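Asker: Before I ask anything, here is the structure I am working with.
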Amino acid sequence: MLAKATARLGTETAFEVLAKARALEAQGREIIHLEIGEPDFDTPRHIVEAAIQALREGQTHYGPSAGLPAARKAFAEAAGRARGIDIDPDCVVITPGAKPVMFFGMLSLVDPGDEVIYPNPGFPIYESVIRYLGAEPVPLRISEENDFGIDLEELERLITPRTKMLVVNTPANPTGGVLSRRDIEQIAALAQKHDFWILSDEIYSRILYDAEHFSFMSLPQMPERTLLLEGHSKTYAMTGWRLGFAVAPKSVAAMIGKLMTNCNSCTATFTQFAGIAALQGPQDDVNAMVQEFRRRRDLIVDGLNAIPGIRCKMPHGAFYAFPNVRALGMNAATLADRLLREAGVATLAGTSFGAHGEGYLRFSYANSQENIRKALGAVRGFVGSL
Ligand code: PLP
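Per this note's numbering, the very first residue in the sequence shown carries number 65; after that it's consecutive.
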């Protein structure tokens, strides 16, 4: 039989909905995919060329577990420059995608019985890993009334002497919420006062529309208690490459490196060369992608708000709309399932991101304007038929 701990492991519903949608497509149905969180753009050409060149030059061997020295240096420089600080390359660990930073980071810092506060609704893997490790998941409600920010008083009420870590995600999946510098400063003060770690998931730090990104790493003393999660998946449309990185105090970075040795040996070598080219090359493609995401955001949010019974806040970052669908009178999971089967639009129930996501759907607008228009028409038709 399976090990007991596996019963505590959660999952990411997006992949299950994608499989359901593909099964319908196999039966000849046309489905518009607004469920999966990945840019629909191709990886910029010069990044692909850098990987091909690395392969041709024989970069096909094992590398150091924590990453190639040249890549750690380049990633430290880029992440430091963006946050106005110096980052020691020894504090950087390169991982296959950013997700292992969650797993290895929590494995390095969280003991059974520790409490970890995490955003709810939020990326489902946080809760999954916390539970898997035998720690206590403490949900912090992220609410529409608060413009999907963090309610400081509510956060303070959740802190106990057992609080080991707080997970913060800005810009946020699934809500598009963005924390201000003031929010980050206040949360940092709490982390210092109560002595807990911050897992700062900044994977969407470059996908912002009308807000600025501010990092815990930019505040004095915070790099000592911050585990930064970053990566190339979203910014450079590199989801399938599997390239992410952690920035952490040296002892924690060394432990994440050791877990890499135990689990992956290293991140694919030629991928790391592509990652260097991404950070050091022209950024025009990133800017163009963000501009296009902004047009799609405006299109989908206006379109959703024009449908009776749906109310959608304007997201400030990432590429998700998180409309309130309570007035449609059915639970989010049923609505998402009916939209898929009856309207051919794949979305995710807000509850895929935790219990506080009830009453909401997540639409990923990483799809063409044409498909977004079609999806809006289909949702409008479905809602009209209720
Ligand atoms: N963090 C958040 C908030 C995400 O939405 C995702 C991907 O969906 C990740 C981390 C993981 O990124 P990667 O694909 O690089 O593992």
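Cβ atoms here follow ideal geometry from the backbone N, Cα and C, with glycine treated the same way.
Computed from a predicted model, the values in this text were never measured in an experiment.
Quick one: what does DSSP say TYR424 is sitting in, helix, strand or coil?
Answerer: DSSP places TYR424 in strand when its eight states are reduced to three.
Asker: Determine the direct distance from the alpha carbon of LEU230 to that of LEU263, and round the result to whole angstroms.
Answerer: Rounded to the nearest angstrom, the two C-alpha atoms are 6 Å apart.
Asker: Would you call the stretch 418-431 in contact with the stretch 384-398, where contact means no fewer than 3 C-beta pairs closer than 8 Å?
Answerer: Judged by Cβ distances under 8 Å, the stretch 418-431 makes contact with the stretch 384-398, as three or more pairs qualify.
Asker: Just grab the DSSP bridge partners of PRO183 for me.
Answerer: In DSSP, PRO183 forms a bridge with LEU204.
Asker: Work out the CA separation of LEU363 and ILE436 for me, nearest whole Å.
Answerer: Between ILE436 and LEU363, the C-alpha separation is close to 8 Å.
Asker: Sorted by chain position, which residues of the same chain lie with C-beta nearer than 8 Å to ALA396's C-beta, five sequence neighbours on each side aside?
Answerer: Contacts found: VAL389, ALA413, GLY414, THR415, GLY421, GLU422, GLY423, TYR424, LEU425.
Asker: With a threshold of 7 Å, establish whether the CB of LYS322 neighbours any heavy atom of the ligand PLP.
Answerer: LYS322: no, Cβ never under 7 Å from the ligand PLP.
Asker: Grab me the residues of ILE340's own chain with a C-beta within less than 6 Å of its C-beta, minus the 5 sequence neighbours each way, in chain order.
Answerer: For ILE340, where only same-chain residues beyond five positions count, the Cβ hits under 6 Å are ALA135, ALA138.
Asker: Measure the C-alpha to C-alpha separation of SER207 and ALA391 and round it to an integer number of angstroms.
Answerer: About 17 Å.
Asker: Could you give the distance in angstroms between the alpha-carbon of GLY308 and the alpha-carbon of LYS438?
Answerer: For GLY308 and LYS438, the distance between alpha carbons rounds to 34 Å.
Asker: Taking only the alpha-carbon atoms, compute the straight-line gap between LEU293 and ALA275 and give it to the nearest angstrom.
Answerer: So the two alpha carbons sit approximately 20 Å from each other.
Asker: Alpha helix (DSSP H) containing SER172: first to last residue?
Answerer: From DSSP, the alpha helix (DSSP H) with SER172 extends over 163-173.
Asker: Give every residue whose Cβ lies closer than 6 Å to any heavy atom of the ligand PLP, listed in chain order.
Answerer: Those residues, listed in chain order, are GLY101, GLY161, ALA162, LYS163, PHE187, ASN233, ASN237, ASP265, ILE267, GLY295, SER297, THR303, GLY308.
Asker: Buried or exposed for TYR126, going by 16 or more other Cβ atoms inside 10 Å?
Answerer: Label assigned to TYR126: exposed.
Asker: Which whole runs of the beta strand (DSSP E) in the stretch 79-161 are 3 residues long or more, in chain order?
Answerer: Complete beta strand (DSSP E) runs here, min 3: 156-159.
Asker: Which two residues bound the contiguous beta strand (DSSP E) that contains SER476?
Answerer: The first residue shown for the chain is 65 and the last is 450, placing residue 476 beyond what the model contains.
Asker: Looking at C-beta atoms only, is the number of pairs between the stretch 296-312 and the stretch 100-116 that lie closer than 8 Å three or more?
Answerer: Taking 8 Å as the limit for Cβ pairs, the verdict is that the stretch 100-116 does touch the stretch 296-312.
Asker: According to DSSP, is VAL242 helix, strand or coil?
Answerer: In the structure shown, VAL242 sits in coil (DSSP, three-state: anything other than H, G, I, E or B).
Asker: State yes or no: is the C-beta of VAL174 within less than 8 Å of the C-beta of LYS228?
Answerer: Yes, the Cβ-Cβ distance between VAL174 and LYS228 is below 8 Å.
Asker: DSSP three-state label for LYS228, please.
Answerer: The answer is strand: DSSP assigns LYS228 an E or B state.
Asker: Using alpha carbons as the reference points, say which of PHE357, ILE320, ALA162, ALA252 lies closest to ILE271.
Answerer: It is PHE357 whose Cα lies nearest to the Cα of ILE271.
Asker: Tell me whether LEU272 sits in a helix, a strand or coil according to DSSP, three-state version.
Answerer: If DSSP states are grouped into helix, strand and coil, LEU272 belongs with the strands.
Asker: What is the residue span of the alpha helix (DSSP H) that LEU323 lies within?
Answerer: Run containing LEU323: 314-327, per the alpha helix (DSSP H) assignment.
Asker: Taking buried to mean at least 16 other C-beta atoms within 10 Å of its own C-beta, is GLY92 buried or exposed?
Answerer: Exposed is the call here.
Asker: Could you tell me the boundaries of the beta strand (DSSP E) in which LEU293 lies?
Answerer: Counting along the chain, the beta strand (DSSP E) containing LEU293 begins and ends at 290-295.
Asker: Give the C-beta separation of ALA252 and MET286 to the nearest angstrom, bearing in mind that I take them to be a contact with Cβ-Cβ under 8 Å.
Answerer: That belief holds up - the Cβ atoms of ALA252 and MET286 are roughly 5 Å apart, short of 8 Å.
Asker: Between the alpha carbons of ALA142 and GLY393, how many angstroms are there, rounded?
Answerer: Looking at the two C-alpha atoms, the distance is approximately 47 Å.
Asker: With DSSP run on the structure shown, which of helix, strand or coil describes ASN395?
Answerer: Note: ASN395 maps to coil in three-state DSSP.
Asker: Determine the DSSP secondary structure at LEU254, reduced to helix, strand or coil.
Answerer: Residue state, collapsed to three classes: helix.
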